[in-house]
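Enquirer:
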Amino acid sequence: MKTLELIFETAEGKTARISIDNPQDQLDAEQVKTAMESMISANVFTDSNGDSYESYKGARLIERSVTELEIN
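For the sequence shown, position 63 matches number 166 in our numbering, and the numbering has no gaps at all.
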């Protein structure tokens, strides 16, 4: 399973993350940056204290593999 993690900085200087499961396969850094800038300018998200996301810090694509072990 793939997850796209978007990392922002809030108005209070805290780190906030948004995880998106199963993102498009062909995403590139510029597309992600543009989307994050749009989220910030639209003031779409706030943290639990109501602080808005002020800037982007980074993004990463996480791939996770799970193998079940049969332990009868």
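Heads up, the beta-carbon is just placed ideally off N, CA and C, and yes, glycines get one too.
So what's THR118 in DSSP terms, helix, strand or just coil?
Expert: Three-state result, THR118: strand.
Enquirer: Should VAL135 be labelled buried (16 or more other beta-carbon atoms within 10 Å of its own) or exposed?
Expert: Looking at its Cβ environment, which holds 16 or more other Cβ atoms inside 10 Å, VAL135 is buried.
Enquirer: Near SER122, which residues of its chain fall below 6 Å by C-beta distance, leaving aside the five closest residues on each side in sequence?
Expert: Result list for SER122: THR106 and GLU108, in chain order.
Enquirer: From the DSSP output, read off the bridge partner residues of ASP124.
Expert: Looking at the DSSP assignment, ASP124 forms a beta bridge with THR106.
Enquirer: According to DSSP, ARG163 sits in a beta bridge with which residue or residues?
Expert: In the DSSP output, where bridge partners are listed per residue, ARG163 has GLU108.
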